[in-house]
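The numbers in the sequence shown follow UniProt numbering, run straight up by one, and end at 305.
Beta carbons are placed, not taken as given, at the ideal position from N, Cα and C, and that holds for glycine.
Here's the structure, in structure tokens; my notes come after.
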Amino acid sequence: MDQQLLVFLTVVEQQNFSRAAEELHMTQPAVSQYIQSLERATGAKLLERSNKYVRLTKAGEIVYHHAKEIVGLYTRMQNLVDDLQHTASGPLSIGASFTYGEYVLPHIIAHLRTNYPMITPTITIHNTKEIAAMVVNHQLDVGIIEGFYNPGNERVVVEAFAEDVMYVVVPAGHRFAGRQEVDAREMCDEAWIVREMGSGTREVSERFFRTLPQMPNNLMEFGSTQIIKESVEAGLGISLLSEWAIRKELLLGTLHMVCVAGVPPVKRHFSLVRQSTPFQTKALEVFLQLLREDEIYPAFRPKAE
Numbered sequence: 001m002d003q004q005l006l007v008f009l010t011v012v013e014q015q016n017f018s019r020a021a022e023e024l025h026m027t028q029p030a031v032s033q034y035i036q037s038l039e040r041a042t043g044a045k046l047l048e049r050s051n052k053y054v055r056l057t058k059a060g061e062i063v064y065h066h067a068k069e070i071v072g073l074y075t076r077m078q079n080l081v082d083d084l085q086h087t088a089s090g091p092l093s094i095g096a097s098f099t100y101g102e103y104v105l106p107h108i109i110a111h112l113r114t115n116y117p118m119i120t121p122t123i124t125i126h127n128t129k130e131i132a133a134m135v136v137n138h139q140l141d142v143g144i145i146e147g148f149y150n151p152g153n154e155r156v157v158v159e160a161f162a163e164d165v166m167y168v169v170v171p172a173g174h175r176f177a178g179r180q181e182v183d184a185r186e187m188c189d190e191a192w193i194v195r196e197m198g199s200g201t202r203e204v205s206e207r208f209f210r211t212l213p214q215m216p217n218n219l220m221e222f223g224s225t226q227i228i229k230e231s232v233e234a235g236l237g238i239s240l241l242s243e244w245a246i247r248k249e250l251l252l253g254t255l256h257m258v259c260v261a262g263v264p265p266v267k268r269h270f271s272l273v274r275q276s277t278p279f280q281t282k283a284l285e286v287f288l289q290l291l292r293e294d295e296i297y298p299a300f301r302p303k304a305e
């Protein structure tokens, strides 16, 4: 691997030459020499530095973006070569959107670690759009996203692999709690708590709202499913949430599912996003096979009220 790029990435991410030198087990003058050498090779100043900060120049931003991709490709190449001689092992970088990442993925990782202890996963949780972008930029080996979001890049493959059902949920004591069905017109007058734009959950919520007589005009945007659940329990409003996310609250009776008359259950798919390549590490192959095993998902189905 090009040592100049590795040193450059470390300086940028540590935002400090001294911390970068410590992480790389090098002297600070040696780090400075690598940066100067890279700047001479590129013919541009890459970093603005002072006693207090290190910042990327415009040219530095370009080099940083491509250096991340180059280092990611090199690491992947080395892992593939290592796999020829070994069983499934090594690092596996996984990204997931919030619902799947917070409520399903931990159980799958536990299974993975029990059966393949030499695989060392790292997890990134973000919204669907950001996870897809990180796969495109080789920052993740695989992403799990909501829906069938297409990042618009021919280098990646998007594959639906699991189905999720979403329900309107209300807090205990709400006027809808305990009713067999609620008229769709009543839904329009409620305060709704929704995810931010760019979230797969938000896209499904918008699709659900289009089935109502009119668009609800009282929407509050929150940045995670957990915050939304807490807010619904506190009586701030109602929401449309994944069945996987509300299992515990249904059992405890703090949330109640509501059926909307004339509106079918809201379904969506979770999809895998990965690089379009015939070569995969054994660690990634094992993980993908595990995700595709249908017997994992019935455990996450809540009991109907």
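Cβ-Cβ separation, residue j to residue i (assumed contact under 8 Å), whole Å
i: Ile145; j: Gly200; result: 6 Å
i: Pro265; j: Val168; result: Actually they are not in contact, since the Cβ atoms of Pro265 and Val168 sit about 10 Å apart, beyond 8 Å.
i: Val136; j: Leu272; result: Going by Cβ atoms, the distance from Val136 to Leu272 rounds to 14 Å, so no, they are not a contact pair.
i: Val63; j: Ile35; result: Rounded, the Cβ-Cβ distance is 11 Å, inconsistent with contact.
i: Ile108; j: Leu241; result: Incorrect: roughly 20 Å between the Cβ atoms, too far for contact.
i: Tyr53; j: Gln15; result: 7 Å
Spatial distance of residue i from residue j (CA atoms)
i: Ala191; j: His174; result: 12 Å
i: Leu288; j: Leu9; result: 30 Å
i: Arg274; j: Ser97; result: 14 Å
i: Lys45; j: Glu39; result: 6 Å
i: Glu206; j: Glu293; result: 30 Å
i: Gly237; j: Thr124; result: 29 Å
i: Glu233; j: Ala110; result: 29 Å
i: Gln214; j: Phe270; result: 28 Å
i: His65; j: Ala172; result: 49 Å
i: Arg76; j: Glu154; result: 19 Å
i: Gln78; j: Ala245; result: 38 Å
i: Leu47; j: Leu24; result: 18 Å
i: Ser276; j: Ala41; result: 32 Å
i: Cys188; j: Glu221; result: 17 Å
i: Ser37; j: Glu61; result: 17 Å
i: Pro106; j: Gly198; result: 23 Å
i: Gln139; j: Asn217; result: 38 Å
i: Leu5; j: Ile228; result: 42 Å
i: Glu186; j: Phe208; result: 14 Å
i: Lys58; j: Leu219; result: 39 Å
i: Thr114; j: Arg179; result: 43 Å
i: Val7; j: Val157; result: 32 Å
i: Arg247; j: Glu159; result: 26 Å
i: Glu230; j: Phe161; result: 29 Å
i: Gly235; j: Thr281; result: 47 Å
Own chain partners of residue i with C-beta closer than 6 Å, once the 5 adjacent residues on each side are dropped
i: Ala283; result: Ala88, Gly90, Leu92, Ile119
i: Arg202; result: Val194, Arg195
i: Gly223; result: Glu196
i: Thr211; result: Val263
i: Val170; result: Phe176, Ala177, Ile238, His256, Val258
i: Arg268; result: Gly147, Asp164, Val204
i: Met134; result: Gly95, Leu140
i: Arg19; result: none
Same chain, Cβ closer than 7 Å to residue i, five either side skipped, listed in chain order
i: Tyr116; result: Ala88, Val286
i: Ala261; result: Glu181, Val182, Asp183, Ala184
i: Ala132; result: Gly143, Ile145, Tyr149, Pro151, Val273
i: Asn51; result: none
i: Gly43; result: none
Beta-carbon contacts of residue i that lie in its chain and below 8 Å, excluding the five residues immediately before and after
i: Arg49; result: Phe17, Arg55
i: Glu305; result: Summary for Glu305: the model assigns pLDDT 42, below 50, so the residue's position carries little reliability; its value from the coordinates is reported in the next sentence. Contacts found: Leu250, His256, Met257.
i: Leu112; result: Ile119, Pro121, Val286, Phe287, Leu290
i: Ala21; result: Thr27, Gln28, Ala30, Val31
i: Thr225; result: Phe98, Thr99, Glu102, Tyr103, Arg195, Thr201, Leu241, Ser242, Ala245
i: Gln3; result: Tyr34
With three or more beta-carbon pairs closer than 8 Å as the criterion, would you say the segment 145-159 touches the segment 109-129? yes
Uninterrupted beta strand (DSSP E) stretches inside the segment 149-229 (no shorter than 3 residues): 156-171, 192-195, 219-222
Do three or more CB pairs link the segment 253-263 to the segment 53-70 at distances below 8 Å? no
Any chance you could list the alpha helix (DSSP H) runs of at least 4 consecutive residues sitting entirely within the segment 245-270, in chain order? 247-252
Mind listing, in chain order, the continuous alpha helix (DSSP H) runs of no fewer than 4 residues lying wholly within the UniProt domain "HTH lysR-type" (1-57)? Runs of the alpha helix (DSSP H) inside the UniProt domain "HTH lysR-type" (1-57): 3-14, 17-24, 28-42.
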